[in-house]
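Peer 1:
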Amino acid sequence: MKMGDSALEALTARALSQHNLVRPGERVLAAVSGGADSVALLLVLDALKASMGFSLVCAHYDHGIRGEASREDARFVRGLCRSLGVECIEGRGDVPSLARAWRASLEDAARRARYAFLEEAAARCGADKIALAHQREDQAETLLLHLAHGCGPEGLAAMRPLSGNRIRPLLGVSRAALEAYVSARGFSWRQDATNADLHHARNFLRHEVFPLLRRLNPRVEEAMANAAALCAQAVDEQALAAERALAGRVRRMPYGAFWRLPDGDVTAAQARAFARWAGVPPLNRPQSEALAAARSANLPGGWRSLRTPARLHLLCGAGAAYTYRPEDFTAEPCAPDTPCDGVRVQVLDADRLSGAVFRARRDGDRFAPLGMEGEQKLKRTLQDAKVDLPFRDLLPVLARDGRVLWIVGLKASREAAVTADTRRAVQIRFRGALPWDMEETEHENQK
Numbered sequence: 032m033k034m035g036d037s038a039l040e041a042l043t044a045r046a047l048s049q050h051n052l053v054r055p056g057e058r059v060l061a062a063v064s065g066g067a068d069s070v071a072l073l074l075v076l077d078a079l080k081a082s083m084g085f086s087l088v089c090a091h092y093d094h095g096i097r098g099e100a101s102r103e104d105a106r107f108v109r110g111l112c113r114s115l116g117v118e119c120i121e122g123r124g125d126v127p128s129l130a131r132a133w134r135a136s137l138e139d140a141a142r143r144a145r146y147a148f149l150e151e152a153a154a155r156c157g158a159d160k161i162a163l164a165h166q167r168e169d170q171a172e173t174l175l176l177h178l179a180h181g182c183g184p185e186g187l188a189a190m191r192p193l194s195g196n197r198i199r200p201l202l203g204v205s206r207a208a209l210e211a212y213v214s215a216r217g218f219s220w221r222q223d224a225t226n227a228d229l230h231h232a233r234n235f236l237r238h239e240v241f242p243l244l245r246r247l248n249p250r251v252e253e254a255m256a257n258a259a260a261l262c263a264q265a266v267d268e269q270a271l272a273a274e275r276a277l278a279g280r281v282r283r284m285p286y287g288a289f290w291r292l293p294d295g296d297v298t299a300a301q302a303r304a305f306a307r308w309a310g311v312p313p314l315n316r317p318q319s320e321a322l323a324a325a326r327s328a329n330l331p332g333g334w335r336s337l338r339t340p341a342r343l344h345l346l347c348g349a350g351a352a353y354t355y356r357p358e359d360f361t362a363e364p365c366a367p368d369t370p371c372d373g374v375r376v377q378v379l380d381a382d383r384l385s386g387a388v389f390r391a392r393r394d395g396d397r398f399a400p401l402g403m404e405g406e407q408k409l410k411r412t413l414q415d416a417k418v419d420l421p422f423r424d425l426l427p428v429l430a431r432d433g434r435v436l437w438i439v440g441l442k443a444s445r446e447a448a449v450t451a452d453t454r455r456a457v458q459i460r461f462r463g464a465l466p467w468d469m470e471e472t473e474h475e476n477q478k
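Start counting at 1 in the sequence shown, then tack on 31, and there's your number in my numbering.
1. Among Asp228, Ala448, Asp93, Glu253, which has the Cα closest to the Cα of Arg167?
2. Can you grab the Cα-Cα spacing for the pair Thr339 / Ala321, in whole Å?
3. How about Pro184 and Cys262: do their beta carbons lie closer than 8 Å?
4. Taking the straight line between their C-alpha atoms, what separation do you get for Gly332 and Trp308?
5. Work out the CA separation of Pro312 and Glu481 for me, nearest whole Å.
6. For Arg216, which residues from the same chain have a beta carbon less than 7 Å from its beta carbon, with the 5 sequence-adjacent residues on both sides left out?
7. Report yes if the C-beta distance between His91 and Glu121 is below 8 Å; otherwise report no.
8. In terms of alpha-carbon separation, which member of Gln269, Val428, Leu343 lies closest to Val376?
9. Tell me Glu363's beta-bridge partners as DSSP assigns them.
10. By Cβ distance, which residues of its chain are closer than 7 Å to Leu481, with the 5 residues on each side in sequence left out?
11. So, for Pro285: in the same chain, excluding its five sequence neighbours on each side, which residues have a beta-carbon less than 6 Å away from its beta-carbon?
12. Do you know how far the Cα of Ala416 is from the Cα of Ala135?
13. Counting C-beta neighbours from all protein chains within 10 Å, is the total for Ala132 16 or more, i.e. buried, or is it exposed?
14. So what's Pro400 in DSSP terms, helix, strand or just coil?
15. Taking three-plus beta-carbon pairs below 8 Å as touching, is the region 366 to 382 in contact with the region 453 to 468?
16. Within the same chain, show all residues whose beta-carbon is closer than 6 Å to that of Arg303, passing over the 5 residues directly before and after it, in chain order.
17. Decide if Leu243 is buried, meaning its Cβ has at least 16 other Cβ atoms within 10 Å, or exposed.
18. Can you give the Cα-Cα distance for Phe398 and Cys371, rounded to whole angstroms?
19. Can you grab the Cα-Cα spacing for the pair Asn51 / Gln414, in whole Å?
20. Buried or exposed, going by whether 16 or more other CB atoms sit within 10 Å of the CB of Ser101?
21. Tyr92 bridges to which residues according to DSSP?
22. For the region 49 to 86, which segments carrying the beta strand (DSSP E) assignment without a break, of at least 3 residues, lie completely within its bounds, in sequence order?
23. Among the residues of its own chain, which have a CB less than 8 Å from the CB of Gly433, if the five just before and after it don't count?
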């Protein structure tokens, strides 16, 4: 790709606008190593900041890998910023020591340390976005690396123009075009000798693999970057369809959230969308597949899932139990033969309710079902009624000591039921929400 100064700036401006990477009034922190790509990034953002209404700050991180050469990189970036009148925030780390401490490769440790510094620098200067200089060849390398490790559709999408607060406005530009732009502007850049080290995966791809692939297609990097963009579009469309599948079926709960499952199989994309909606940290492919299909799964951030025939629950922490609220109930005298639904409205013998209170279930509670002989543990009653485990502590019960007289939402005990001998009856109405109620969410989705 050959382009003049104005062409590259126009292309970058279009990428910034098309992907909503920067808004007027925002502050952008440009990550600049001193190489051609990052120098081009700083120059083009500096050229666009006035017309697009954002402010610009530079950040440079010295990894401590290359000794005096690293310090010279820092001096170079400092001088570049001085010539442009751009503030420069510098940081330094000992990446070789970090790699040993983290038991990580030098590449991984450098990336983690650099991103940690960039986030800290962004917070320090109030930057809204962190601009990274990844370009077309980087995108092709990322796609091939992901493919070599057996990625799914999201991995084939490689790097996104916008990922959280990180922006990549140069993904559609070749390395050669960026070098030409820097030279045309009268600037130079630093050469990193470690870029020739074939022990690093990206260097191996760049110097050994892609020259072979160019025998198949001289424009293979461009083709692979285009393929990544198409995969990203397909993944986004799939995610949108998955989110639509959640409409009217999800609800936040004290323990986390639940999703009333649709008919048919649940896809990993739908499960991932539900987790994202609930606030679970990002899932990898195995976690998404486990969430979609397994009865239970451990998820990031202390979350876990529980699947029942009708619902998929996401739980975090110890859960929650029902706490009595006076506004949840009304009670008024009534005739013993007053009809009721037995679910939200119950008619009970008033003389058999002395000392009874509304509360959550407790260990050891007993229940004598109306219309049946004998009694059983409340736990067994809830199991037989197929009440989902996360719901059980959220159901109000009317109980006296360890005897449950009414399981709100289900049934009453014969111990407080109206009989032929009843002299005084009371109608109790529950006005709160049962844990499986969907009316509120469905109403919200219809607005």
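In this text, a Cβ means the ideal position worked out from N, Cα and C, and glycines have one as well.
Nothing here was measured: the structure is a model prediction, and the numbers come from that model.
Peer 2: Let me lay it out:
1. The option with the nearest alpha carbon to Arg167 is Glu253.
2. When the Cα atoms are used, Thr339 and Ala321 turn out to be separated by approximately 14 Å.
3. The criterion of a C-beta distance shorter than 8 Å is satisfied by Pro184 and Cys262.
4. Gly332 and Trp308: Cα-Cα distance of roughly 15 Å.
5. There is no way to answer for residue 481, as the model of the chain reaches only from 32 to 478.
6. For Arg216, where only same-chain residues beyond five positions count, the Cβ hits under 7 Å are Asp36, Leu74.
7. It is a contact, given that the beta carbons lie within the stated cut-off.
8. Distance check between Val376 and each of Gln269, Val428, Leu343 places Val428 closest, using alpha-carbon atoms only.
9. Gln458.
10. The displayed coordinates of the chain run from 32 to 478. Any statement about residue 481 would go beyond what the structure contains.
11. Excluding sequence neighbours, Pro285 sits near Ala351.
12. Taking the straight line from one Cα to the other gives about 51 Å.
13. Taking all protein chains in view, the Cβ of Ala132 is surrounded by fewer than 16 other Cβ atoms within 10 Å, so the residue is classified as exposed.
14. Note: Pro400 maps to strand in three-state DSSP.
15. With a cut-off of 8 Å, the region 453 to 468 and the region 366 to 382 count as touching, because enough Cβ pairs lie within range.
16. Sequence-distant Cβ neighbours of Arg303 in its own chain, meaning closer than 6 Å and more than five residues away, are Leu314, Ser319.
17. Burial call: exposed.
18. When the Cα atoms are used, Phe398 and Cys371 turn out to be separated by approximately 20 Å.
19. For the pair Asn51 and Gln414, the Cα-to-Cα distance works out to about 50 Å.
20. Ser101 should be labelled buried.
21. As DSSP reads the structure, Tyr92 sits in a beta bridge with Gly122.
22. Segments of the beta strand (DSSP E) lying fully in the region 49 to 86: 58 to 62.
23. Only Arg393, Gly395, Asp396, Arg397 meet the Cβ criterion.
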